[in-house]
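Asker: Chains as they are written, first to last, in this note's numbering: chain A, 10 to 271; chain B, 10 to 271.
There are 2 protein chains.
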Amino acid sequence: MEMNFQVASLKSEKSPLALMIRKLELWKGLSVEEEAAVLALPYTLTEMTPSQYLVRDGEKTTHSCLLISGFAIRQKRALDGGRSICGVHMRGDIVDLQNSLLGRADHSVQPLTMATFAKIPRDALIELAYRLPNIGLAMWYDTLVDGSIFREWILSITRRPAVPRIAHMICEFGVRLEALGLGERSSYEFPMNQDQLADATGLTSVHVNRSLRVLEERGLIVRTARYIVVADWAALETTGEFDEAYLHLGGSPFSPHRTSAQ
Amino acid sequence: MEMNFQVASLKSEKSPLALMIRKLELWKGLSVEEEAAVLALPYTLTEMTPSQYLVRDGEKTTHSCLLISGFAIRQKRALDGGRSICGVHMRGDIVDLQNSLLGRADHSVQPLTMATFAKIPRDALIELAYRLPNIGLAMWYDTLVDGSIFREWILSITRRPAVPRIAHMICEFGVRLEALGLGERSSYEFPMNQDQLADATGLTSVHVNRSLRVLEERGLIVRTARYIVVADWAALETTGEFDEAYLHLGGSPFSPHRTSAQ
DNA sequence: CGCCGGTTTGAGTCCATTCAAGAGGAGTGG
DNA sequence: CCACTCCTCTTGAATGGACTCAAACCGGCG
Numbered sequence: 010m011e012m013n014f015q016v017a018s019l020k021s022e023k024s025p026l027a028l029m030i031r032k033l034e035l036w037k038g039l040s041v042e043e044e045a046a047v048l049a050l051p052y053t054l055t056e057m058t059p060s061q062y063l064v065r066d067g068e069k070t071t072h073s074c075l076l077i078s079g080f081a082i083r084q085k086r087a088l089d090g091g092r093s094i095c096g097v098h099m100r101g102d103i104v105d106l107q108n109s110l111l112g113r114a115d116h117s118v119q120p121l122t123m124a125t126f127a128k129i130p131r132d133a134l135i136e137l138a139y140r141l142p143n144i145g146l147a148m149w150y151d152t153l154v155d156g157s158i159f160r161e162w163i164l165s166i167t168r169r170p171a172v173p174r175i176a177h178m179i180c181e182f183g184v185r186l187e188a189l190g191l192g193e194r195s196s197y198e199f200p201m202n203q204d205q206l207a208d209a210t211g212l213t214s215v216h217v218n219r220s221l222r223v224l225e226e227r228g229l230i231v232r233t234a235r236y237i238v239v240a241d242w243a244a245l246e247t248t249g250e251f252d253e254a255y256l257h258l259g260g261s262p263f264s265p266h267r268t269s270a271q
Numbered sequence: 010m011e012m013n014f015q016v017a018s019l020k021s022e023k024s025p026l027a028l029m030i031r032k033l034e035l036w037k038g039l040s041v042e043e044e045a046a047v048l049a050l051p052y053t054l055t056e057m058t059p060s061q062y063l064v065r066d067g068e069k070t071t072h073s074c075l076l077i078s079g080f081a082i083r084q085k086r087a088l089d090g091g092r093s094i095c096g097v098h099m100r101g102d103i104v105d106l107q108n109s110l111l112g113r114a115d116h117s118v119q120p121l122t123m124a125t126f127a128k129i130p131r132d133a134l135i136e137l138a139y140r141l142p143n144i145g146l147a148m149w150y151d152t153l154v155d156g157s158i159f160r161e162w163i164l165s166i167t168r169r170p171a172v173p174r175i176a177h178m179i180c181e182f183g184v185r186l187e188a189l190g191l192g193e194r195s196s197y198e199f200p201m202n203q204d205q206l207a208d209a210t211g212l213t214s215v216h217v218n219r220s221l222r223v224l225e226e227r228g229l230i231v232r233t234a235r236y237i238v239v240a241d242w243a244a245l246e247t248t249g250e251f252d253e254a255y256l257h258l259g260g261s262p263f264s265p266h267r268t269s270a271q
């Protein structure tokens with residue numbers, strides 16, 4: 010199920026790596042030369058099912074992955090088997106810069122649905138960051154935004170009760186999908202079942218179920234199987250204390266089209 | 010209380026920025042040229058008290074800070090005033106790469122004790138990352154390790170009861186202090202009071218108090234004011250499910266003294 | 001049509017919280 | 001040298017939000 014492409018297609022729109030450019034340009038503008046360099050990265054396409062692992066906690070890592078289609082999660086496990094989902098990713102996200110740069114995975118990555126990944130050798134990314142530092146900065150920035158999301162989750166888990174915590178997650182997911190052009194914040198496909206949502210919010214599935222019911226009874230959301238419609242975005246935002254600033258969607262503060270010094 | 014140094018002292022050992030080199034070299038080796046470039050960074054020394062803020066959530070940021078002495082925390086607040094401490098930092102840590110690169114702070118940074126910071130203009134760091142990508146990579150790596158710690162905290166908060174959660178934090182702190190040469194893991198100054206420890210673990214100070222008592226009664230730790238002695242490291246590690254792998258102290262996987270491609 | 005993963009609901013329990021009061025120490029001023 | 005204050009730590013009792021255990025329900029599918 011793996012296919013090799015040593016050189017990306019010349020038609021940039023056709024290359025899966027165009028998604029990576031779009032993601033990086035959320036943070037920083039890239040020059041034409043830089044875009045070409047991204048498209049020229051070597052990669053391998055892989056399709057995976059939810060029961061498989063892209064990377065397992067503790068393994069040595071050699072590749073980063075761009076999520077081409079579907080959804081994926083980052084997770085860690087406690088010794089008693091308890092699972093913590095500490096990140097959810099969607100089409101266009103670069104899912105494994107964290108693990109791969111660090112060399113040894115400190116968490117596992119698993120598809121949540123059927124998903125396609127473009128695996129990019131870490132060394133090629135490092136080399137690119139050396140050669141075109143502007144791309145390195147953009148990737149750095151991308152991982153910093155991931156960090157910001159972790160911090161917000163820590164706040165949410167420690168200081169918000171179940172109902173707002175779930176409301177917050179629904180808001181975040183909608184805004185991120187919208188930012189990547191995958192739908193609109195007020196109505197989208199929600200890829201997690203209640204068990205998974207429980208592991209992502211630090212609750213139990215039973216309590217997630219009851220909390221979702223509360224949100225629905227208050228008229229904030231409407232649920233159908235794996236689909237969420239936000240009936241009252243403003244109220245959901247208020248309930249979840251959601252403020253999208255932490256997603257840093259405004260882009261980076263330093264000049265967008267700066268190329269490497271000299 | 011601010012003093013300007015446009016050019017670092019020629020005696021590298023005297024410069025506060027030598028701490029930054031030591032921190033970066035935990036992750037990647039630097040060449041002599043690169044070390045000199047770090048030492049040549051412009052900076053401003055500032056001394057602060059615990060009631061002050063280095064950066065406030067929501068502010069635009071223009072500087073990163075190297076912690077020269079004392080301790081500092083990252084924190085966020087919920088709307089009801091509840092506080093979440095999402096990071097604790099010590100002498101030698103680069104405390105504000107996250108906020109400063111992102112341009113707008115998504116969390117506040119505050120000293121925990123009397124502390125001295127070297128404030129470095131963000132633009133100088135960016136410029137350095139462009140000019141000497143190897144340093145950029147080392148700083149990137151540093152922020153990735155912060156990210157790994159966030160993930161471990163998320164696991165701990167969501168899936169470990171109070172006693173192991175606190176045991177874990179005590180272990181982490183000891184190992185990090187030791188890695189930076191600030192003491193030994195089994196006996197060190199612990200800068201947080203119980204309120205702060207509560208906000209860092211997502212508990213209440215009352216429950217922190219009772220949990221510390223449990224650890225003490227089991228013979229794992231001995232407490233005196235602001236000082237912790239780990240009486241039984243192995244047992245504390247087991248209780249806290251602590252495995253230092255997530256701190257990535259082994260350094261980076263790619264060749265240490267590589268300079269820019271070309 | 002019967003299995004199966006996921007959802008829903010109920011009842012009882014428990015870990016952590018809240019509220020409240022007291023104890024211990026360090027620093028200050030008379 | 002002794003109040004006096006402030007801050008932090010400590011302890012008790014009652015409460016409650018989320019959990020556990022368990023059963024029933026539901027829709028899709030082989």
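Ideal placement from N, C-alpha and C gives every residue a C-beta, glycine not left out.
#1: Leaving out five residues before and five after A:Gly192 in sequence, what residues of the same chain have Cβ atoms less than 6 Å from its Cβ?
#2: Judging by CA-CA distance, which residue of B:Pro173, B:Lys85 and B:Phe126 is the nearest neighbour of B:Ser117?
#3: Report all residues from its chain with a CB closer than 7 Å to the CB of A:Leu275; omit the five preceding and five following residues, and keep chain order.
#4: Quick check: what's the CA-CA separation for B:Ser165 versus B:His177?
#5: I'd like to know whether the C-beta of A:Thr167 is nearer than 8 Å to at least one C-beta of chain B.
#6: What three-state label does DSSP hand A:Lys69 in the structure shown?
#7: Would you say the region 214–234 of chain A touches the region 22–29 of chain B, given that touching needs at least three Cβ pairs under 8 Å?
#8: Can you tell which of A:Ala114, A:Ala87 and A:Leu50 has its C-alpha closest to the C-alpha of A:Ala5?
#9: Scan the region 84–100 of chain B for residues whose Cβ lies nearer than 7 Å to a Cβ of chain A and list them as they occur along the chain.
#10: Between the alpha carbons of B:Ser196 and B:Phe80, how many angstroms are there, rounded?
#11: Measure the beta-carbon distance from B:Asp102 to B:Thr70 and round it to whole angstroms, keeping in mind my assumption that it falls under 8 Å.
#12: Quick one: grab the DSSP three-state call for B:Gly96.
#13: Distance cutoff 8 Å, beta carbons only. Does A:Glu68 sit that close to anything in chain B?
#14: Using a cut-off of 7 Å between C-beta atoms, extract the partners of A:Ser117 located in chain B.
#15: Under 8 Å, Cβ to Cβ, is there at least one residue of chain B near A:Gln203?
#16: Given a cut-off of 8 Å on the beta-carbon distance, is the pair B:Ile158 and B:Tyr255 in contact?
#17: Which residue wins for smallest C-alpha separation from B:Phe126, given the options B:Cys180, B:Gln205, B:Gln61 and B:Ile77?
#18: Per DSSP, what kind of secondary structure is A:Leu137 in: helix, strand or coil?
#19: Quick one: does A:Gln107 have its CB under 8 Å from some CB of chain B?
#20: Under a CB-based cut-off of 8 Å, is B:Tyr62 close to chain A?
#21: Going along the chain, which residues of its own chain have a beta-carbon closer than 7 Å to the beta-carbon of A:Ala240, five neighbours each way excluded?
#22: Alpha carbon to alpha carbon, how far is B:Phe14 from B:Leu75?
#23: Name the chain B residues that come within less than 9 Å of A:His257, Cβ to Cβ?
#24: Would you mind giving the Cβ-Cβ distance between B:Ala87 and A:Glu250, rounded to the nearest angstrom? I have them listed as a contact below 8 Å.
#25: Which residues, taken in chain order from the region 142–155 of chain B, show a beta carbon closer than 9 Å to some beta carbon of chain A?
#26: The beta strand (DSSP E) spanning A:Met57 covers which residue range?
#27: Whole-angstrom Cβ separation of B:Asn108 and B:Val64, contact assumed at under 8 Å?
#28: By the criterion of Cβ-Cβ separation under 9 Å, what are the contact partners of A:Ser73 in chain B?
#29: What whole-angstrom Cβ distance do B:Gly183 and B:Arg194 have, given they're in contact under 8 Å?
#30: Take the Cβ of A:Ala234 as the centre, count every other Cβ of all protein chains shown within 10 Å, and call the residue buried at 16 or more, exposed below.
#31: Reducing DSSP to helix, strand and coil, say where B:Met12 ends up.
Answerer: In terms of the structure at hand:
#1: Taking the first residue of the first sequence as 1, we reach residue 192 of chain A at position 183. Excluding sequence neighbours, A:Gly192 sits near Leu186.
#2: Locating residue 117 of chain B in the second sequence gives position 108, where the first residue counts as 1. The alpha carbon of B:Ser117 has as its nearest neighbour, out of B:Pro173, B:Lys85 and B:Phe126, the alpha carbon of B:Lys85.
#3: No answer is possible for residue 275 of chain A: it lies beyond the span of chain A, which begins at 10 and ends at 271.
#4: The sequence position of residue 165 of chain B within the second sequence is 156, counting from 1. The sequence position of residue 177 of chain B within the second sequence is 168, counting from 1. Taking the Cα positions, B:Ser165 is about 8 Å away from B:His177.
#5: Within the first sequence, numbered from 1, the residue matching residue 167 of chain A stands at position 158. Taking CB atoms only, A:Thr167 has a neighbour in chain B less than 8 Å away.
#6: The sequence position of residue 69 of chain A within the first sequence is 60, counting from 1. In the structure shown, A:Lys69 sits in a strand (DSSP, three-state: E or B).
#7: Taking 8 Å as the limit for Cβ pairs, the verdict is that the region 22–29 of chain B does not touch the region 214–234 of chain A.
#8: This structure gives no information on residue 5 of chain A, because the portion of chain A shown stretches from 10 to 271.
#9: Along the region 84–100 of chain B, the positions whose C-beta sits under 7 Å from a C-beta of chain A are Lys85, Ala87, Leu88, Gly91, Ser93 and Cys95, read in chain order.
#10: For this step, residue 196 of chain B is matched to residue 187 along the second sequence. For this step, residue 80 of chain B is matched to residue 71 along the second sequence. One alpha carbon belongs to B:Ser196, the other to B:Phe80, and they sit about 17 Å apart.
#11: The sequence position of residue 102 of chain B within the second sequence is 93, counting from 1. The sequence position of residue 70 of chain B within the second sequence is 61, counting from 1. With a Cβ gap of about 17 Å, B:Asp102 and B:Thr70 do not count as contacting.
#12: Counting from 1 along the second sequence, the entry for residue 96 of chain B is found at position 87. Strand at B:Gly96.
#13: Locating residue 68 of chain A in the first sequence gives position 59, counting from the first residue. No, A:Glu68 lies away from the interface with chain B (no Cβ there is under 8 Å from its Cβ).
#14: Taking the first sequence and counting its residues from 1, the one referred to as residue 117 of chain A is at position 108. What A:Ser117 touches in chain B, judged by beta-carbon distance under 7 Å, is nothing: the nearest beta carbon there is about 11 Å away.
#15: Translated into positions along the first sequence, residue 203 of chain A becomes position 194. Chain B places no beta carbon closer than 8 Å to that of A:Gln203, leaving this residue out of the contacts.
#16: Stepping through the second sequence from its first residue, residue 158 of chain B is reached at position 149. Stepping through the second sequence from its first residue, residue 255 of chain B is reached at position 246. A distance below 8 Å separates the beta carbons of B:Ile158 and B:Tyr255.
#17: For this step, residue 126 of chain B is matched to residue 117 along the second sequence. Residue nearest to B:Phe126 within the set B:Cys180, B:Gln205, B:Gln61 and B:Ile77 is B:Ile77 (criterion: CA-CA distance).
#18: To locate residue 137 of chain A, count along the first sequence from 1; it is residue 128. Three-state result, A:Leu137: helix.
#19: Your numbering for residue 107 of chain A matches position 98 in the first sequence. Yes, because at least one Cβ of chain B sits closer than 8 Å to the Cβ of A:Gln107.
#20: Your numbering for residue 62 of chain B matches position 53 in the second sequence. Put simply, the CB of B:Tyr62 is far from chain A, with every gap to its CB atoms at 8 Å or more.
#21: Position 231 of the first sequence holds residue 240 of chain A. Excluding positions up to five away in sequence, the list reads Gly228, Leu229, Ile230 and Val231.
#22: Along the second sequence, read from residue 1 onward, the residue named residue 14 of chain B stands at position 5. Along the second sequence, read from residue 1 onward, the residue named residue 75 of chain B stands at position 66. Unreliable placement is indicated for B:Phe14, whose pLDDT of 44 sits below 50; the coordinate value is still reported in the next sentence. Between B:Phe14 and B:Leu75, the C-alpha separation is close to 15 Å.
#23: Here residue 257 of chain A corresponds to residue number 248 of the first sequence, with the count starting at 1. Here the neighbours are Leu111, Gly112, Arg113 and Asp115.
#24: Taking the first residue of the second sequence as position 1, residue 87 of chain B is located at position 78. Taking the first residue of the first sequence as position 1, residue 250 of chain A is located at position 241. The beta-carbon distance between B:Ala87 and A:Glu250, rounded to whole angstroms, is 6 Å. This is short enough to meet the 8 Å contact definition.
#25: Of all residues in the region 142–155 of chain B, only Pro142, Asn143, Gly145, Leu146, Met148, Trp149, Tyr150, Thr152, Leu153, Val154 and Asp155 come within less than 9 Å of chain A when Cβ atoms are compared, listed by chain position.
#26: Stepping through the first sequence from its first residue, residue 57 of chain A is reached at position 48. Run containing A:Met57: Tyr52 to Met57, per the beta strand (DSSP E) assignment.
#27: Translated into positions along the second sequence, residue 108 of chain B becomes position 99. Translated into positions along the second sequence, residue 64 of chain B becomes position 55. At roughly 6 Å, the Cβ-Cβ gap stays under 8 Å, so B:Asn108 and B:Val64 are in contact.
#28: Against the first sequence, residue 73 of chain A aligns to sequence position 64. Neighbours of A:Ser73 on chain B: none; closest Cβ ~12 Å, over 9 Å.
#29: The count along the second sequence starts at 1 and reaches residue 183 of chain B at position 174. The count along the second sequence starts at 1 and reaches residue 194 of chain B at position 185. Contact between B:Gly183 and B:Arg194 is confirmed by a C-beta separation of about 3 Å, below the 8 Å threshold.
#30: Sequence index remark: in the first sequence, residue 234 of chain A carries index 225 (1-based). So A:Ala234 counts as exposed.
#31: One-based indexing of the second sequence puts residue 12 of chain B at position 3. Caution applies to B:Met12, whose pLDDT of 46 falls short of 50 and renders its modelled position unreliable; the model cannot decide the point.
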